[in-house]
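Asker: In the order they appear, the protein sequences are chains A and B. Going by UniProt numbering, the first residue of the first sequence is number 1, and it counts up by one from there. Going by UniProt numbering, the first residue of the second sequence is number 1, and it counts up by one from there.
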Amino acid sequence: MTKRNALELKAVKKNFGRAEIIRGVNLDVHEHERHVIIGPNGAGKSTLFNLISGRLKVSDGSIKLFDKNIHNMPAHKVNRMGLSRSFQVTNLFQNMTVMQNLRCSLLWSEGHKYAFWKSVMKQDRVTEHALALAEELNLSSQADTPASLLTYAEQRALEVGCTVASGAEVILLDEPTAGMSRTEANDAIQLIQRMTGKNTLVVVEHDLSVVFELADRISVLVYGEIIATGTPDEIRNNAAVQEAYLGTEVH
Amino acid sequence: MATNTAAGGASNLLRFWPWVVIPLLALILPQIFDSRHGITLLSHMGIAIIFALSYNMLLGNTGLLSFGHAVYYGLGAYVAMHVLRMVNDAGGEGLPLELIPVVGAAAGLFFGVIFGSFSVRRAGVVFAMITLGLGALVHSSSLMFSDFFGGEAGLFGNRVAAPSLFGVDYGSNTNTYYLVVAWALIAAIFIYLLRKTPLGWMANAVRDNPERAQFVGYNPTIVRFIQFALAAMFAGLAGGLFVITDEIVNDESVGQIQSGIVLLGTYIGGIGYFIGPMVGAALVTVLESSLSSYTEAWVLYFGLLFISIVMFAPMGLVGIVHTQYLTWKAGGWKGNTGIRLYMLLAGLVGIFGAICVIELSYHYFRSWDPSAPFGLMGFTVNATTALPWLVSFGIAIIGFGLMLFHGKPMLARRISATSEGGNA
């Protein structure tokens, strides 16, 4: 079974001044897989996400999205090539309602670009799509609530919705269950699985029970290097991983 | 949820009544203020309204704080003036007067595209500083290149020596005023509709969260750029109309004061509301022309008004009215309407006292002879004696004191009492 690589990182390095944060990461993410990146605090997981999504420029190495180089492209271009992301800290259009957030996320992928000669509310496809998304996110009853008034879990759900809405095939989620209770986290994982069925998913996660439930494959990032990649079972039984990460974090 | 529906209903109301009330006012007011001065003032209001609406496309909608928006207003005016003079020189043949503002708009758009291409790369302080610099640059150029800008004297034109599309005689101030109204209405409709387009939505999105906007595929710089160029176009339109009403344009129209006034007017009215800039611009125009004939201290009052809005009512005058309206609609005035009116009255008394103090100070420090009697609120007083000072300070202190230390706690007690009663 040969799978196309959705994402391909080759010898990616990033340093801030003399501090090397990412020290030569090689990573292949297959199409349609759910790939989880774990690692101790300060390992560079968020930096890696920022490099992939175009928020930061790489110091060295290459990043390919479906065989096209995307490193050092501005974020909106990376997004148009089919990659979207959520953030560790909730990052929505806070003053807008749920529906407005969803509509804004759909405008580009529905091809409306910078149009200033047509009304947003008259674009029926955008409306239908946004309503369907709100339904899937269980936010229909809150459709006209400003994002800033939603509960934390609802905000995270909306963010997943907006990330998916932008039409990206590859989706990066940065700690989607951070700060949630057990039940909220379970709901969030189910929501993510439901919303991203067809997509390639790359997730940074701390919560190991979430990790093993969600992942097809896991990569372990320690001090800016990937020390192991494999199925959940392989990772569980990997001695180096146990020493570097599991052994110290899970008591 | 209750507040949400209230907000929805109120914003619907706010959305539609201005389209009836404001044009009606625009038609009624010239019947009341039918002096030459009154009509000119109303024309200036209309122009200021277009200018402020265009400014709010930047500040309110896109979150861009510009200190140099008069650049596009002024350059639009100069180019329109040159075209008007060409028409004059051709003996009144050529572009009809009604379309002269379009020339201003085209010029505004042209310079908006040029200056916008490098100034909108970053929002916030960087943008503000660039616009400030551009404002100073263009203003000083206007005094240097007198061939185009006419030097300090400026340029003159003659609106009567130009053809009219509809055979209207623009020798009459009133007819010119109706031309301003027509253009203001057209501009307001377009600016309003622009807010509903994908560009308008993404302008709000970029204002709230440029990073998120990138991750749904939009380049914030392009969004700001288009919005900026369009705002400059409407500013140019306002400039073109100014050429028609005043038949003169000089360096003031590209100057920093003009840029400052549109910022103040827009903010005083309320940047979060479509009609905010209209109210603000109209008010500022009136203050500028009328207050200055009553008192030397009008700039000070203007500044105090702005500071108090920034500090106490950042949503502007329209915001104050809207908030009170929402409270009233949600039943928040029940049982305390009297207290609210009492606070308003006390506040007005306080302001009256403060005005007396300011007028006394102005007379005392600025007059050749401070002991000369002068008229203060209908009384003739001597500013070197203690009595008027004591009375003025007394009124101010009593007014503000009653509002803040009697009315306000009373309102708070009443509200908490009713809400407890509601829970019980």
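Note that the Cβ used here is the ideal one computed from N, Cα and C, for glycine as well.
Are the Cβ atoms of I171(A) and N138(A) separated by less than 7 Å?
Answerer: It is not a contact, given that the beta carbons lie outside the stated cut-off.
Asker: Let me see if you follow: with CB-CB separation under 7 Å, is V216(B) close to chain A or not?
Answerer: Cβ-Cβ to chain A under 7 Å: yes for V216(B).
Asker: How many angstroms separate the CA atom of T131(B) from the CA atom of G239(B)?
Answerer: Cα to Cα, T131(B) sits roughly 18 Å from G239(B).
Asker: Which same chain residues end up closer than 7 Å to Y301(B) when comparing Cβ atoms and leaving out the 5 residues on each side of it in sequence?
Answerer: Answer for Y301(B): L291, listed in chain order.
Asker: Might you give, ordered along the chain, the residues of its own chain that have their beta carbon closer than 7 Å to the beta carbon of S53(A), omitting 5 neighbours on each side?
Answerer: Taken in chain order, the residues that qualify are A75, V78, L83, R85, L172.
Asker: Just to confirm, is the Cβ distance from M184(B) to I49(B) under 7 Å?
Answerer: Note that residue 184(B) corresponds to Ala in the displayed sequence, not to Met. Result yes, Cβ atoms of A184(B) and I49(B) sit closer than 7 Å.
Asker: Does chain A have any CB closer than 7 Å to the CB of W368(B)?
Answerer: So no, W368(B) is outside the interface.
Asker: Can you find the residues in the same chain that come closer than 6 Å, C-beta to C-beta, to Q88(A), ignoring five residues on each side of it along the sequence?
Answerer: Taken in chain order, the residues that qualify are D174, E175.
Asker: Mind checking R182(A): buried by the 16 CB within 10 Å criterion, or exposed?
Answerer: R182(A) is exposed by the Cβ-count criterion.
Asker: Using only CA atoms, which one of H406(B), G116(B), L264(B) lies nearest to M343(B)?
Answerer: Comparing Cα positions, the closest option is H406(B).
Asker: Check each candidate in L304(B), G272(B), V284(B), F352(B) and name the one with the smallest Cα separation from I320(B).
Answerer: Of the listed residues, the one whose Cα sits closest to I320(B) is G272(B).
Asker: Is F87(A) helix, strand or coil when you go by DSSP?
Answerer: In this structure, F87(A) counts as coil in the three-state DSSP scheme.
Asker: Output needed for I235(A): all residues of its chain with C-beta closer than 7 Å, excluding positions within five of it in sequence on either side, in chain order.
Answerer: Correct list, in chain order: I218, V220, A228, V241.
Asker: Could you spell out where the beta strand (DSSP E) holding G61(A) opens and where it closes?
Answerer: Here the beta strand (DSSP E) through G61(A) covers 60 to 65.
Asker: Pick helix, strand or coil for V12(A), following the three-state DSSP scheme.
Answerer: In the structure shown, V12(A) sits in a strand (DSSP, three-state: E or B).
Asker: Tell me which residues share the same chain as L179(B) and place their Cβ nearer than 6 Å to its Cβ, disregarding the 5 neighbours each side in the sequence.
Answerer: Hits under 6 Å: none found.
Asker: Is there at least one Cβ from chain B nearer than 7 Å to N95(A)'s Cβ?
Answerer: Yes, because at least one Cβ of chain B sits closer than 7 Å to the Cβ of N95(A).
Asker: Of all the CB atoms in chain B, is at least one closer than 7 Å to the CB of A143(A)?
Answerer: A143(A) does not count as touching chain B.
Asker: Take W333(B) and list the residues in its own chain whose beta-carbon comes closer than 7 Å to its own, dropping the five residues that flank it on each side.
Answerer: So the list reads T327, R340, once near-sequence residues are dropped.
Asker: Could you please tell me which residues of the region 191 to 214 of chain B, in chain order, have their CB closer than 8 Å to any CB of chain A?
Answerer: Listed by position, the residues of the region 191 to 214 of chain B near chain A (Cβ gap below 8 Å) are L193, L194, K196, T197, P198, L199, G200, W201, M202, N204, A205, D208, N209, E211, R212, A213, Q214.
Asker: Should S259(B) go down as buried or exposed, given a rule of 16 or more other Cβ atoms within 10 Å for buried?
Answerer: Looking at its Cβ environment, which holds 16 or more other Cβ atoms inside 10 Å, S259(B) is buried.
Asker: For the candidate residues E359(B), M403(B), V279(B), whose alpha-carbon lies nearest to that of N382(B)?
Answerer: When each option's Cα is compared against that of N382(B), the closest is E359(B).
Asker: Going by DSSP, what residue range makes up the alpha helix (DSSP H) through T176(B)?
Answerer: Note, T176(B): alpha helix (DSSP H), 173 to 194.
Asker: Give, in chain order, every unbroken run of the alpha helix (DSSP H) that is at least 4 residues long and sits entirely within the region 67 to 126 of chain B.
Answerer: List check, alpha helix (DSSP H) in window: 70 to 89, 100 to 119.
Asker: For the region 221 to 233 of chain B, which residues have a beta carbon sitting closer than 8 Å to at least one beta carbon of chain A?
Answerer: Those residues of the region 221 to 233 of chain B that come within reach of chain A (Cβ to Cβ, closer than 8 Å) are I222, V223, I226, L230.
Asker: Could you tell me whether the region 264 to 281 of chain B touches the region 32 to 52 of chain B, using the rule of 3 or more Cβ pairs below 8 Å?
Answerer: Contact holds: three or more Cβ-Cβ distances are below 8 Å.
Asker: So T97(A) packs on T47(A), CB below 8 Å; how close in whole Å?
Answerer: Actually they are not in contact, since the Cβ atoms of T97(A) and T47(A) sit about 33 Å apart, beyond 8 Å.
Asker: With 16 other CB atoms within 10 Å as the buried threshold, where does K3(A) fall?
Answerer: With fewer than 16 Cβ atoms within 10 Å of its Cβ, K3(A) is classed as exposed.
Asker: Note down the Cα distance separating E20(A) from K10(A), rounded to an integer number of angstroms.
Answerer: Using only the alpha carbons, I get a separation of about 16 Å.
Asker: Taking the beta carbon of W108(A) as the centre, do at least 16 other beta carbons fall within 10 Å, making it buried, or is it exposed?
Answerer: Buried: at least 16 other Cβ atoms inside 10 Å.
Asker: Curious, which full-length alpha helix (DSSP H) runs of at least 4 residues does the region 189 to 249 of chain B contain?
Answerer: As far as the region 189 to 249 of chain B is concerned, its whole alpha helix (DSSP H) runs of at least 4 residues are 198 to 208, 210 to 214, 220 to 246.
Asker: Check K113(A) in the structure and name its three-state DSSP category.
Answerer: Three-state DSSP puts K113(A) in coil, outside helix and strand.
Asker: For G154(B), tell me which candidate among G269(B), M81(B), S367(B) has the shortest Cα-Cα distance.
Answerer: G154(B) has its Cα closest to that of M81(B), out of G269(B), M81(B), S367(B).
Asker: Whose C-beta lies closer than 6 Å to the C-beta of K64(A) among residues of the same chain, with five residues either side of it excluded?
Answerer: Here the set comprises E8.
Asker: Keeping to the same chain, check which residues put their C-beta closer than 8 Å to that of Q31(B); ignore five residues upstream and five downstream.
Answerer: No residues qualify anywhere along the chain.
Asker: Nearest to A165(A) by alpha carbon, out of G179(A), N186(A), I192(A)?
Answerer: Nearest option by C-alpha distance: I192(A).
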